[in-house]
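Participant: Residues 360 to 1046 in the numbering used here are what the sequence shown lists, from first letter to last.
Here it is, the structure in full.
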Amino acid sequence: MRFLRMLLCVSLIGCTLPLFSGDNKDVDPKTGLRHGFDPAAMDKTADPCNDFFQYACGTWLAKNPVPAEYSDWDRFSELYEVNLAILHDILDKAAKPDPKRSAEEQKIGDYYASCMDEAAAEQKGASVLKPQLDQIAAMKSKSDLAEQVAHLQNYGIPSLMRFNSQQDFKNAESMIAEFDQGGLGLPDRDYYVKDEADKKEKREKYQLHVQKMFQLLGDAPVTAADEAKVVMAMETDLAKASQDRTFRRDPNNVYHKMTKAEFVKLSPNFNWNRYWQLMKVPQFTEINLAPPDFLKGVNAAIDAHPVEHWKTYLRWKVVNSAAPYLAKAFVDEDFDFNEHIMGGAEQIRPRWKRCVDYVDGNLGEALGKVYVDKTFGAEGKRRMLEMVDALHSALAKDIAGLDWMGDATKQKANDKLKAFARLIGYPDKWRDYSTLSVARNDFYGNVNRGDGFEKHRLLNRVGKPVDHGEWLMSPPTVNAYYRGSMNDITFPAGILQPPFFENSMDDAVNYGGIGLVIGHEMTHGFDDQGRKFDAKGNLNDWWTADDGKKFEERASCFVNEYGSFSPVADMHLNGKLTLGENTADNGGARIAFMALQQTLADKAKADPKVLEKVDGFTPEQRFFLGFGQVWCDNRREEFSKQMVTLDPHSPDKFRVNGVAQNMPEFQKAFSCKGGSPMVRENACRVW
Ligand SMILES: [Zn+2]
């Protein structure tokens, strides 16, 4: 449900410095990035009514080939690099063993120092895995499986399934236990079960990768090849029992609440009580069995495979999870499969960039606290709240004016909009890491303790009241999100910078940038998924049957439109998987445009100059150009293929052109004639 690409955020890949064109008059002194819209990034030889993405971004695209370390390169990557440099500076200073360091600085500094000690990682080799592997080797029967899985998950090493806490969909103030699917090594079930050429190729290469990893652990090639076959067979069993990504978009399909006793009965082959005891899960009575078939699949897989297979499978889980933190041979093999083969990146990022990401992953709010002190002021928060207010009013006006929705549903939609909570910049209450110990000379131990700390933090929420102040992203993250169960929108400090947002930028460009991002997140509250949750965050149908039907009809227009886009030969976007994001992009653009119109009308009373052209473009044109340029993006073919399967967001090019095609406001701004590619005959519109 998040804005942009959470999927990318977890596997962000480094890059070189931005290669942005243009003169320096609008360059931000803090970030070195140009503010918002840049005429020099455009391709003025292109026709905006033919391909608006090319018109807005053409010169940028030509001048910004994907750097060797990246799978794709866009405006977010530019800003990510700027943040990396700031975080690098913070961590370099914190890593000096100064007794005056604060408790947070000690933790982030020592973690970073342990990660940067490449010689120690090389010298330790795979020996750091010995305690974990020995325990697996000592496994005597399948009845030990629960104990083994818990032992690894205590270090945050995932295997077999996911067990977690979640807000109860139908009682949003309560946190309950949750069982979900997991245990795969490839990024989606489709890679195991689909017959497409790309999927077949990737699973063959995956099996080879698994074999190579076993060889790195010291196994003979023939043994390692057999072990890789076993892993593939076991993960394929789990994949077959897993739910499809698109099916999971409907919250009703992943909500099956039952008692603990009912749950245990469904999977007698796994000793759940022992697992919960070892994981120190607080006492609970109710659990959400998100994918019922997967639990059956786990039970069946335990029957189907002998204990030796389980040992092989768990051994793979350990080495796969640990590889990025071990000696170079492991790190390189992990990169080769996960980033080069799967994403097309040509070279691994420098170690310091990876280390910054690992600190952010395990100690995000300790690092974020230092980061916001340096970068985010009260003025930024005030201006942002002002814009959220403007977007809020525009969406209320939009809802009031809808000709397809009845008054009863409008009233409920308005109640929901009014109840939106806003989290801006950074959390009010910082996460407490005091019980997490960080050692300067133990990188792998730090990763295990950090991942284990997070796993237990999440599990400890079971049975507790919901914490409305909890954040899903660290403050430096260049991203934003909406949560249906919380009914809140969140904008980390990381995204509140150029090219999205800048105090000195003109309104047209700010509304095309961060304005659209805010509108996008708000619209998520009313997309195919978000609309199923009410003002209090409960899964509860507040629509009249007739209005619900009309929503579905209108949404199906987006399914067809985006499903017709082909980002890479022989593959089309999945219109249903991307429906929520496409709805949010289109709704977000409309309400950001409305908010801009209102702002301009208000300001023009005192200063009519705000309506004049700048750089030769009207405010309306600058709005769309600002929007288009936020999404300038070059991506590698392998990455595009992977994203068609995984990403609920459309590729950036289609995020821009897909919206332009549906908006009469765009067509008017650029005087596009009927029949042009950017004028869709039956334009799609929900919000
Ligand atoms: Zn989104």
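A virtual CB, placed ideally from N, CA and C, is assigned to each residue, including glycine.
Computed from a predicted structure; not experimentally measured.
Mind checking whether D966 and R1014 have CB atoms under 8 Å apart?
Facilitator: Not in contact: D966 and R1014 (Cβ atoms no closer than 8 Å).
Participant: Throw me the rounded Cβ distance for the Y329 and G934 pair, which I believe falls under 8 Å.
Facilitator: With the chain covering only 360 through 1046, there is no way to say anything about residue 329.
Participant: Taking the alpha-carbon positions, what's the V1045 to F885 distance?
Facilitator: 9 Å
Participant: For L761 versus V640, is the C-beta spacing smaller than 8 Å?
Facilitator: no
Participant: If you check the beta carbons only, do P835 and G809 fall under 8 Å apart?
Facilitator: Contact flag unset, no.
Participant: Go ahead and pull the three-state DSSP assignment for W763.
Facilitator: coil
Participant: Who are the Cβ neighbours of D887 in its own chain at under 6 Å, not counting the five residues just before and after it?
Facilitator: A914, L938, G939
Participant: Helix, strand or coil for P978? Go by DSSP, reduced to three states.
Facilitator: In this structure, P978 counts as helix in the three-state DSSP scheme.
Participant: By Cβ distance below 8 Å, which residues in the same chain neighbour A688 in space, the five residues on each side in sequence not counted?
Facilitator: L575
Participant: Beta carbon of A943: closer than 7 Å to some heavy atom of ligand 1?
Facilitator: Yes - ligand 1 has a heavy atom lying nearer than 7 Å to the Cβ of A943.
Participant: Please classify E880 as buried or exposed, where buried requires at least 16 neighbouring CB atoms within 10 angstroms.
Facilitator: buried
Participant: As a quick exercise: from L855, M845, A485, pick the residue whose alpha carbon is nearest that of Q526.
Facilitator: M845
Participant: Tell me where the alpha helix (DSSP H) around F643 begins and ends.
Facilitator: Per DSSP, F643 belongs to no alpha helix (DSSP H) and is neither H nor E.
Participant: Taking contact to mean at least 3 C-beta pairs separated by less than 8 Å, is the region 726 to 737 in contact with the region 1003 to 1012?
Facilitator: When C-beta atoms of the region 726 to 737 are compared with those of the region 1003 to 1012, fewer than three pairs fall below 8 Å, so the two segments do not count as touching.
Participant: Using only the alpha-carbon positions, how far apart do D847 and L782 sit?
Facilitator: 7 Å
Participant: Would DSSP call V973 helix, strand or coil?
Facilitator: strand
Participant: I need the straight-line Cα distance from K571 to E692, nearest angstrom please.
Facilitator: Just so you know, the alpha carbons of K571 and E692 end up roughly 8 Å apart.
Participant: Could you work out which residue in Y429, F528, I535, G544 is closest to M520 when comparing CA atoms only?
Facilitator: Closest by alpha carbon: G544.
Participant: For I516, name the three-state secondary structure that DSSP assigns.
Facilitator: coil
Participant: Got a sec? Which residues, its chain only, sit under 7 Å from L504 by beta carbon, not counting five neighbours each side?
Facilitator: F629, I661, W669
Participant: Taking the alpha helix (DSSP H) that Y414 belongs to, which residues open and close that run?
Facilitator: 411 to 422
Participant: Is it right to say R741 is buried, meaning 16 or more other beta carbons lie within 10 angstroms of its own, or is it exposed?
Facilitator: exposed
Participant: Ligand 1 and H879: does the residue's C-beta get closer than 7 Å to at least one heavy atom of that ligand?
Facilitator: Yes, the beta carbon of H879 sits closer than 7 Å to at least one heavy atom of ligand 1.
Participant: For A509 and A497, I'd like the C-alpha separation in whole angstroms.
Facilitator: 15 Å
Participant: Would you kindly work out how many angstroms separate the C-alpha atoms of Y614 and A415, rounded to a whole number?
Facilitator: 43 Å
Participant: Quick check on Q642: buried or exposed, where buried means 16 or more other Cβ atoms within 10 Å of its Cβ?
Facilitator: exposed
Participant: M572 lies in the alpha helix (DSSP H); which residues open and close that run?
Facilitator: 556 to 575
Participant: Is it the case that the CB of H615 approaches a heavy atom of ligand 1 more closely than 7 Å?
Facilitator: no
Participant: Locate the beta strand (DSSP E) running through S533, then write down its first and last residues.
Facilitator: Annotation: the continuous beta strand (DSSP E) that includes S533 extends over 530 to 540.
Participant: Could you have a look at I467 and say whether DSSP puts it in helix, strand or coil?
Facilitator: helix
Participant: On the DSSP bridge list, what partners appear for K1000?
Facilitator: Per DSSP, none; premise fails for K1000.
Participant: Would you report the Cα separation of R361 and G889, rounded to the nearest angstrom?
Facilitator: Legend: pLDDT at R361 = 30, less than 50; position of this residue unreliable, value from coordinates given subsequently. Answer to the nearest angstrom: the Cα atoms are 11 Å apart.
Participant: Determine whether the beta carbon atoms of G872 and V989 lie at a separation below 8 Å.
Facilitator: Contact: yes.
Participant: Which class does Q888 belong to by DSSP, given the choice of helix, strand or coil?
Facilitator: In this structure, Q888 counts as coil in the three-state DSSP scheme.
Participant: Which residues mark the beginning and the end of the beta strand (DSSP E) in which T849 is found?
Facilitator: 847 to 851
Participant: To which residues of the same chain is I646 closer than 8 Å at the C-beta, ignoring the five residues directly before and after it?
Facilitator: I535, A536, E537, F538, K616, M617, T618, K619, F622
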